[in-house]
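Participant:
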Amino acid sequence: MTEMLHVTSEPLDLVSLPPLLLGFQPVESVALLGIVGNRVAFCGRTDLNMAVETAPQVLDAMRNNDVPGLALVAYSDQPEAAASVLHQLAVGIFDGAVAVALATNGETVWRVAGGALTDGEPFTPTLEQPSRSRAESVADVTCRRTSAAPGSTDHVAALPTGQRRLLLDTMLSQTAPLTPDRAAQLGAALDASEPLASVLDAVGSDAQAAFDRLVEARRWCEDAHLEAVLANLVVAAWASGHGAAANEALTQLEALPATARLVDDLARLTRTNPAALTGTKEN
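So the sequence shown is numbered by the numbering used here: it starts at 184 and just counts up by one.
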């Protein structure tokens with residue numbers, strides 16, 4: 184489990200905390216805080232209209248991290264409808280586990296009881312709030328993909344293992360942007376290497392640099408190497424505090440045909456410990 188953050192039970196604190204942990208302002212969303220005593224074990228987010236369908240994944244995270252309770256916070260311009268969704272969660276799959284349910288429209292915070300809004304008070308954030316939206320926070324991993332020049336990666340797979348690892352280490356640790364051809368070569372080198380292992384050293388030394396280079400590889404790599412790039416990008420995004428980007432990369436990875444070991448590796452990780460990827464960074 185990731186190191187847990189202290190939290191109070193005050194509504195303004197609980198509503199202020201998810202945007203800080205997620206790294207963006209939730210819109211028409213439910214934030215789910217795993218609570219152990221007065222600490223937050225994990226923070227996740229789901230679209231308001233998908234909250235009931237995605238709840239079993241959160242239940243898995245609770246079980247795997249020994250988290251007994253939840254705080255639910257809905258962010259919506261239609262707080263009455265949001266309160267109904269929170270009520271469905273509280274009396275359904277999370278029955279008995281919801282310590283507090285809150286809803287806000289950005290101006291007022293309400294407690295939710297029995298599906299109704301109660302005890303409204305003006306919302307004045309108690310913590311500094313991020314200004315960016317989710318779209319802005321995942322822009323790096325949703326930009327348009329363009330393949331590099333044909334043939335630019337032909338030699339990579341033929342490289343001996345030692346040379347290919349040196350190529351990976353050099354490119355992943357580079358702080359300056361890669362050229363399109365070099366970014367495509369990074370993707371090819373990842374695809375020819377042991378799954379997930381290649382990026383770990385670079386992530387450990389400079390996670391942000393590894394994330395930046397893998398974003399470039401995602402943009403310029405050939406389609407055949409995209410799976411390897413996305414799998415490693417998930418890890419680098421999480422390690423560098425870009426949880427929303429990690430989830431977006433994972434979503435793109437899961438949309439690809441499940442033909443390689445990388446999908447199984449990440450699927451196994453997220454099934455056994457979903458909070459390992461969402462953690463207390465971003466969602």
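For glycine and all other residues, C-beta sits at the position ideal for the given N, C-alpha and C.
Keep in mind that this is a model prediction, so the values were computed, not measured.
Can you tell me which of the three DSSP states residue 426 falls into?
Facilitator: Note: residue 426 maps to helix in three-state DSSP.
Participant: Taking the Cβ atom as the reference point for each residue, do residue 215 and residue 242 lie within a distance shorter than 7 Å?
Facilitator: For residue 215 and residue 242, no; Cβs fall outside 7 Å.
Participant: Below 7 Å between beta carbons: does that hold for residue 335 and residue 375?
Facilitator: Cβ distance not < 7 Å, so residue 335 and residue 375 don't count as in contact.
Participant: How about the stretch 424-441 and the stretch 321-340: do they share at least three Cβ pairs that are nearer than 8 Å?
Facilitator: Yes: the two stretches touch, three or more of their Cβ pairs being nearer than 8 Å.
Participant: Does residue 463 come out as helix, strand or coil in the three-state DSSP assignment?
Facilitator: With a pLDDT of 34 at residue 463, under the threshold of 50, the modelled position of this residue cannot be trusted; read the value that follows with caution. Three-state result, residue 463: coil.
Participant: DSSP three-state label for residue 300, please.
Facilitator: Here residue 300 sits in strand by DSSP.
Participant: So what's residue 386 in DSSP terms, helix, strand or just coil?
Facilitator: Of the three classes helix, strand and coil, the one that applies to residue 386 here is helix, per DSSP.
Participant: Contact check, residue 402 vs residue 328 under 8 Å by CB: the rounded distance?
Facilitator: Confirmed, Cβ separation roughly 6 Å.
Participant: So the alpha helix (DSSP H) residue 374 belongs to, where does it begin and stop?
Facilitator: Where residue 374 is concerned, the enclosing alpha helix (DSSP H) stretches over 363-374.
Participant: Our contact map puts residue 129 next to residue 342 with C-beta atoms below 8 Å; I'd like the distance itself, whole angstroms only.
Facilitator: This structure does not reach residue 129, given that the chain is present from 184 up to 466, and the question cannot be answered.
Participant: For residue 226, count neighbouring Cβ atoms within 10 angstroms of its own Cβ and tell me buried if that reaches 16, exposed if not.
Facilitator: Flag for residue 226 reads buried.
Participant: Determine the closest residue to residue 311 out of 279, 205 and 263, with distance taken between C-alpha atoms.
Facilitator: Of 279, 205 and 263, the residue nearest in Cα terms is 205.
Participant: What's the C-alpha gap between residue 276 and residue 407?
Facilitator: Using only the alpha carbons, I get a separation of about 40 Å.
Participant: Starting from the C-beta of residue 315, find all residues in its chain whose C-beta is less than 6 Å away, skip the five residues before and the five after it, and write them out in chain order.
Facilitator: Excluding positions up to five away in sequence, the list reads 207.
Participant: Is it buried or exposed for residue 462, if we count other Cβ within 10 angstroms and need 16 for buried?
Facilitator: Caution is warranted here: a pLDDT of 36 is assigned to residue 462, below 50, making its placement in the model unreliable, and the coordinate value is therefore given only provisionally. It counts as buried.
Participant: Expressed to the nearest angstrom, what Euclidean distance is found between the alpha-carbon atoms of residue 285 and residue 266?
Facilitator: Roughly 8 Å between the two C-alpha positions.
Participant: What span of residues does the beta strand (DSSP E) with residue 254 cover, start to end?
Facilitator: Residue 254 -> beta strand (DSSP E) spans 252-258.
Participant: Would you list, in sequence order, the uninterrupted beta strand (DSSP E) runs of no fewer than 3 residues that lie entirely inside the stretch 284-331?
Facilitator: Counting only runs of 3 or more, we get 291-296 and 299-305.
Participant: Rounded to the nearest angstrom, what separates residue 413 and residue 294 at their Cα positions?
Facilitator: Approximately 40 Å between the Cα atoms of the pair.
Participant: So residue 335 is in the alpha helix (DSSP H); what residue range does that whole segment cover?
Facilitator: Neither: residue 335 is in no alpha helix (DSSP H) and is coded neither H nor E.
Participant: Among the residues of its own chain, which have a CB less than 8 Å from the CB of residue 245, if the five just before and after it don't count?
Facilitator: Contacts found: 217, 251, 253 and 280.
Participant: On a CA-only basis, which of 400, 436 and 194 is nearest residue 171? Give me that one, please.
Facilitator: The structure shown has nothing for residue 171, since the chain only spans 184 to 466.
Participant: Can you name, in chain order, every residue of its own chain whose Cβ lies under 7 Å from the Cβ of residue 411, other than the five neighbours on each side?
Facilitator: 370, 373, 374 and 445.
Participant: Grouping DSSP H, G and I as helix and E and B as strand, with all else coil, what is residue 225?
Facilitator: Strand.
Participant: Rounded to whole angstroms, what's the CA-CA distance from residue 209 to residue 332? Just pull it up for me.
Facilitator: Residue 209 and residue 332: Cα-Cα distance of roughly 39 Å.
Participant: Among 268, 317 and 309, which one has its Cα closest to the Cα of residue 298?
Facilitator: Taking only the C-alpha atoms, the option nearest residue 298 is 268.
Participant: Assuming contact is defined by CB atoms lying nearer than 7 Å, are residue 422 and residue 386 in contact in what I supplied?
Facilitator: It is a contact, given that the beta carbons lie within the stated cut-off.
Participant: From 305, 363, 237 and 230, pick the residue whose C-alpha is nearest to that of residue 196; which is it?
Facilitator: Here the closest residue by C-alpha is 305.
Participant: Let me know if residue 395 comes out buried or exposed under the rule of 16 or more other beta-carbons within 10 Å of its beta-carbon.
Facilitator: Flag for residue 395 reads buried.
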